[in-house]
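Working notes for the structure below.
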Amino acid sequence: MSFSFADVDSVRKGLSDVQYLADEGIAGVVYLAERLQKPVLVEGPAGTGKTQLAKSVAEATGARLIRLQCYEGLDESKALYEWNYKKQLLRIQAERQGEDPEGEGMWQQIEDDLFSEEFLLTRPLLEAIRAAEPVVLLIDEVDRVEIETEALLLEILSDYQVSIPELGTVAASQIPLVFLTSNNTRELSEALKRRCLFLHIDYPDLDREKEIVLAKVPGVGESLADQVARIVRSVRQIELKKAPSVSETLDWARTLVLLGVEHIDADTAAETVNILLKYRSDIEKALKEFASSDEEFAAPVATS
Amino acid sequence: MKVEPATSPLLALLAGFISELRAAGLPVSLTENLDAMEAIQHIPIEDRDAFKYALAATLVKNHAHWRAFETVFEVYFSLRGAEYDLIDGEWPEGMDLSDFVDGMDGQQRRQGGGGGEAMSAEQLAEMLFQALMRGDDALMRAIARQAVQRYAGMEPGRPVGGTYYLYRTLRNLDLDGVLERLMDQARQDAPGDLTPLEERLERDEFEARVDQLRKEVEAEIRRRLVADRGVEAMAKTLRKPLPEDVDFMHASREEMMALRRAIYPLTRKLAVRLARKRRHGRKGPLDFRNTMRHSLSYGGVPAEPKFRYPRPAKPEIMVVADVSGSVAAFARFTLHLVYAISNQFSKVRSFVFIDGLDEVTSFFEGVDDIGEAVHRVNAEADVVWVDGHSDYGHAFEVFWERYGKDVGPKTTVMILGDARNNYHASQAWILKEIEHRARKVFWLNPEPGAYWDTGDSIVSEYGVHCDGVFEVRNLRQLEGFVENLV
Numbered sequence: 006m007s008f009s010f011a012d013v014d015s016v017r018k019g020l021s022d023v024q025y026l027a028d029e030g031i032a033g034v035v036y037l038a039e040r041l042q043k044p045v046l047v048e049g050p051a052g053t054g055k056t057q058l059a060k061s062v063a064e065a066t067g068a069r070l071i072r073l074q075c076y077e078g079l080d081e082s083k084a085l086y087e088w089n090y091k092k093q094l095l096r097i098q099a100e101r102q103g104e105d106p107e108g109e110g111m112w113q114q115i116e117d118d119l120f121s122e123e124f125l126l127t128r129p130l131l132e133a134i135r136a137a138e139p140v141v142l143l144i145d146e147v148d149r150v151e152i153e154t155e156a157l158l159l160e161i162l163s164d165y166q167v168s169i170p171e172l173g174t175v176a177a178s179q180i181p182l183v184f185l186t187s188n189n190t191r192e193l194s195e196a197l198k199r200r201c202l203f204l205h206i207d208y209p210d211l212d213r214e215k216e217i218v219l220a221k222v223p224g225v226g227e228s229l230a231d232q233v234a235r236i237v238r239s240v241r242q243i244e245l246k247k248a249p250s251v252s253e254t255l256d257w258a259r260t261l262v263l264l265g266v267e268h269i270d271a272d273t274a275a276e277t278v279n280i281l282l283k284y285r286s287d288i289e290k291a292l293k294e295f296a297s298s299d300e301e302f303a304a305p306v307a308t309s
Numbered sequence: 006m007k008v009e010p011a012t013s014p015l016l017a018l019l020a021g022f023i024s025e026l027r028a029a030g031l032p033v034s035l036t037e038n039l040d041a042m043e044a045i046q047h048i049p050i051e052d053r054d055a056f057k058y059a060l061a062a063t064l065v066k067n068h069a070h071w072r073a074f075e076t077v078f079e080v081y082f083s084l085r086g087a088e089y090d091l092i093d094g095e096w097p098e099g100m101d102l103s104d105f106v107d108g109m110d111g112q113q114r115r116q117g118g119g120g121g122e123a124m125s126a127e128q129l130a131e132m133l134f135q136a137l138m139r140g141d142d143a144l145m146r147a148i149a150r151q152a153v154q155r156y157a158g159m160e161p162g163r164p165v166g167g168t169y170y171l172y173r174t175l176r177n178l179d180l181d182g183v184l185e186r187l188m189d190q191a192r193q194d195a196p197g198d199l200t201p202l203e204e205r206l207e208r209d210e211f212e213a214r215v216d217q218l219r220k221e222v223e224a225e226i227r228r229r230l231v232a233d234r235g236v237e238a239m240a241k242t243l244r245k246p247l248p249e250d251v252d253f254m255h256a257s258r259e260e261m262m263a264l265r266r267a268i269y270p271l272t273r274k275l276a277v278r279l280a281r282k283r284r285h286g287r288k289g290p291l292d293f294r295n296t297m298r299h300s301l302s303y304g305g306v307p308a309e310p311k312f313r314y315p316r317p318a319k320p321e322i323m324v325v326a327d328v329s330g331s332v333a334a335f336a337r338f339t340l341h342l343v344y345a346i347s348n349q350f351s352k353v354r355s356f357v358f359i360d361g362l363d364e365v366t367s368f369f370e371g372v373d374d375i376g377e378a379v380h381r382v383n384a385e386a387d388v389v390w391v392d393g394h395s396d397y398g399h400a401f402e403v404f405w406e407r408y409g410k411d412v413g414p415k416t417t418v419m420i421l422g423d424a425r426n427n428y429h430a431s432q433a434w435i436l437k438e439i440e441h442r443a444r445k446v447f448w449l450n451p452e453p454g455a456y457w458d459t460g461d462s463i464v465s466e467y468g469v470h471c472d473g474v475f476e477v478r479n480l481r482q483l484e485g486f487v488e489n490l491v
């Protein structure tokens with residue numbers, strides 16, 4: 006078995022080639038996932054690049070990305086496979102018109118035909134298993150499905166196979182790299198967690214955020230990126246309803262570049278802060294924080 | 006799976022590490038144990054960060070447990086003797102100290118710690134200031150080491166916890182004073198006056214660096230303690246309850262913050278549970294008209310029975326919370342819980358009481374900022390009747406008088422409090438009346454079960470009129486309550 010990555014550093018390098026700046030933890034877990042052939046459960050606040058990680062890994066390894074978006078009410082026929090009912094009907098119709106049915110034996114044959122791969126509609130999970138070329142499977146926002154539906158995933162996550170009653174078991178011809186993302190709106194089941202490697206992606210630290218801004222925003226200067234990262238860090242320290250995510254940081258930086266801002270002063274920040282923060286109360290709070298003198302906000306923000 | 010024989014020292018170490026994790030309360034299964042063993046075959050232990058993340062990825066499946074994991078890891082791996090130690094206790098090689106300290110010759114510097122000892126306290130403080138100013142990590146680490154050696158006054162075998170040494174060291178370093186000095190310096194360096202925004206950014210930056218230093222000091226103290234007392238003993242002293250086991254009544258400020266973050270998923274779960282009950286509820290009674298109507302298509306044979314949909318029960322929740330001093334910490338948590346609940350359900354009414362009772366529903370409605378809501382409850386709610394000592398009896402009287410008529414068959418009443426009535430009249434009959442009218446009455450008590458009905462606590466007097474009395478002292482128990490609600 007050949008691996009795409011020789012060591013942890015090559016993971017980081019490969020990812021940074023496709024503009025994804027991985028920290029030590031992310032690179033290490035991706036490397037392990039490939040070595041141990043285990044799925045990765047990625048968790049963290051919204052907009053920290055969880056989905057992007059899977060995309061970037063696919064891009065870095067040259068694998069095809071297969072994505073399953075989870076939602077409440079997702080079921081087998083949307084996630085695994087479905088019989089192509091219409092095609093099956095047509096087949097029966099065609100059979101009838103062709104020649105007289107000759108009793109039981111004939112029917113048996115039709116039935117065998119009907120439940121063959123020809124009539125199978127593959128859905129993302131099965132498709133990832135059956136793919137001949139390397140594949141990255143992304144199961145996005147897995148916390149959105151009900152806890153019962155999670156069980157659907159277990160067979161594929163631990164054994165990389167899908168059992169279809171009429172056909173038998175389809176085993177993977179190659180082991181796909183699997184990423185599951187979760188925003189942690191609910192606790193996932195123990196069974197699922199046990200099968201996965203766990204990776205928590207948090208907001209990046211100052212230096213990494215700055216690098217991300219530099220890498221992702223064309224035309225941004227070193228000093229502007231630094232200021233953006235610093236202000237965002239300060240904003241995140243305020244107790245907000247929704248802290249700014251990395252993607253919002255990037256949007257903000259892009260806006261500032263478009264406006265031709267070189268140095269962020271309080272006024273510029275106030276005018277553009279609505280890109281960073283989405284709730285009115287959060288914006289008011291942040292503006293108040295930045296306008297006041299230091300003695301006031303040196304006191305703890307929390308009221309408790 | 007290829008695993009080296011268990012005789013290898015690394016695997017033995019890992020086994021100890023995992024049993025310590027379990028002792029700290031982390032649920033590590035056998036599969037995860039095996040995964041960890043396999044994972045460390047692929048990651049060299051010399052790469053300490055990668056090694057740490059490899060273990061974390063296989064063993065810790067809940068981010069709330071990260072801190073506990075980190076502590077144990079530090080004790081077991083980072084602080085081991087020479088064999089695993091990556092950073093020795095000397096001044097880093099090639100670091101030029103003469104920039105900061107005059108009159109120290111190269112000879113002394115190479116003697117490691119000896120170089121530091123020759124310094125005066127003022128020199129060390131000056132170096133600290135410079136290191137923080139420039140954000141020099143290596144120098145900060147060295148200073149932390151030096152400071153612990155100098156100020157902590159650690160003696161082998163002394164039965165004192167790490168916090169004591171930490172306090173002693175930090176007191177001598179006077180980090181608050183240093184922070185002010187740094188800010189003054191920043192103000193001077195700036196071309197003009199610092200705007201409030203710039204000032205704020207500078208302060209955040211320096212605070213982050215000071216925090217970094219504090220962590221270094223802490224790590225250094227632990228390192229020395231481990232060397233003195235051994236890994237197992239040290240891991241045991243450092244063991245702290247996991248976030249879900251932290252007692253509401255005795256939660257520290259930081260723990261409280263973590264708890265608050267954990268409430269939101271929990272109330273969502275509560276809402277989901279109640280909603281699911283509605284959707285998957287059993288079918289309603291036979292709908293005769295509809296069945297007849299459909300029988301027409303079967304030639305009058307009622308082949309397809311139709312049922313009435315069960316009427317979706319919209320849960321109405323009334324939360325009645327004690328906010329008196331005896332449960333102050335719990336009350337604060339309670340208010341957050343109430344806020345989270347009222348965001349999830351359409352019909353929530355909340356009341357707080359001490360010896361008087363007041364409705365606070367409006368304080369939580371349409372408020373984005375929980376802190377403000379809690380503040381308003383504390384400041385504006387009229388909850389004191391006579392002396393501000395809890396009087397459940399009178400509070401229930403007021404409740405019954407003013408809001409009793411609003412309690413209906415759809416209402417779930419949740420009472421949060423310790424039932425310590427200061428020997429007032431219990432007025433338990435009111436609770437009995439409420440139980441008759443309401444769908445369910447639950448009592449959540451933040452006191453340990455063993456203390457119930459001792460002293461002025463009259464839980465069971467009220468409890469007989471409730472559908473359930475639950476001990477809810479920590480998140481795990483609260484979760485258990487939500488879990489069993491349906």
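Protein chains in written order, with this note's numbering: chain G, 6 to 309; chain D, 6 to 491. Positions of the beta carbon are idealized from the N, C-alpha and C atoms, including for glycine.
Residue range of the beta strand (DSSP E) that includes residue i
i, result
"D:ASN450", "445–450"
"D:THR354", "The sequence given here places Arg at residue 354 of chain D; Thr does not occur at that position. Counting along the chain, the beta strand (DSSP E) containing D:ARG354 begins and ends at 352–358."
"D:LEU362", "362–364"
"G:THR127", "125–127"
"G:THR186", "182–187"
"G:ALA176", "173–176"
Buried versus exposed call for residue i [16 or more other C-beta atoms within 10 Å across all chains shown]
i, result
"D:GLU37", "buried"
"D:ASP101", "Annotation note: pLDDT 44 at D:ASP101 (below 50); position unreliable, coordinate value reported separately. Classification of D:ASP101: exposed, given that the 10 Å Cβ count is below 16."
"D:GLU25", "buried"
"D:GLU309", "exposed"
"G:ALA258", "buried"
"G:ASP287", "buried"
"G:PHE295", "buried"
"D:TRP448", "buried"
"G:LEU263", "exposed"
Beta-carbon contacts of residue i that lie in its chain and below 6 Å, excluding the five residues immediately before and after
i, result
"D:GLU452", "ASP423"
"D:VAL388", "VAL357, PHE358, ILE359, GLY361 and ASP363"
"D:GLY30", "LEU247"
"D:GLU210", "none"
"D:MET419", "VAL324 and PHE447"
"D:LEU35", "none"
"D:PHE475", "LEU449 and PHE486"
Residue closest to residue i, alpha-carbon to alpha-carbon, out of the options
i, options, result
"D:GLY398", "D:ALA213, D:ALA267, D:THR200 and D:LEU362", "D:LEU362"
"G:LEU219", "G:ASP118, G:ASP256 and G:VAL45", "G:ASP256"
"D:TYR314", "D:PRO320, D:VAL328, D:PHE293 and D:VAL332", "D:PHE293"
"D:PHE401", "D:THR366, D:VAL324 and D:ASP461", "D:VAL324"
"G:ALA63", "G:PHE10, G:LEU95 and G:ASN189", "G:PHE10"
"D:LYS241", "D:VAL418, D:ALA433 and D:VAL77", "D:VAL77"
"G:GLU151", "G:ASP270, G:GLU77 and G:ARG128", "G:GLU77"
"G:PHE184", "G:ARG191, G:THR154 and G:ILE144", "G:ILE144"
Residue i: contacting residues in chain D (beta-carbon distance under 7 Å)
i, result
"G:LYS198", "LYS66"
Neighbour list for residue i in chain G, Cβ cutoff strictly below 9 Å
i, result
"D:SER34", "GLU195 and ARG199"
Beta-carbon proximity list for residue i, same chain, < 8 Å, skipping 5 on both sides
i, result
"D:VAL183", "ALA130, LEU133, PHE134, LEU137 and VAL215"
Same chain, Cβ closer than 7 Å to residue i, five either side skipped, listed in chain order
i, result
"G:GLU39", "PHE8, SER9, PHE10 and LEU182"
"D:ARG55", "One detail in the question is off: residue 55 of chain D reads as Ala in this sequence, not Arg. Contacts found: ILE48."
"G:GLU276", "none"
Limits of the unbroken alpha helix (DSSP H) element including residue i
i, result
"G:HIS205", "Run containing G:HIS205: none in the alpha helix (DSSP H); it sits in the beta strand (DSSP E), 202–205."
"D:SER300", "293–300"
"G:TRP88", "Element bounds for G:TRP88: not the alpha helix (DSSP H) but the beta strand (DSSP E), 86–88."
"D:MET145", "142–152"
"D:LEU247", "No alpha helix (DSSP H) holds D:LEU247; DSSP gives it neither H nor E."
Closer than 8 Å at the beta carbon, the chain G residues around residue i
i, result
"D:THR416", "Residues of chain G passing the Cβ test: none, with the nearest at roughly 26 Å."
Neighbour list for residue i in chain D, Cβ cutoff strictly below 8 Å
i, result
"G:ASP270", "THR200 and LEU202"
Interface partners of residue i on chain G, CB under 7 Å
i, result
"D:GLU63", "Reading off the sequence, residue 63 of chain D comes out as Thr, not Glu. Those within 7 Å of D:THR63 in chain G are LEU202."
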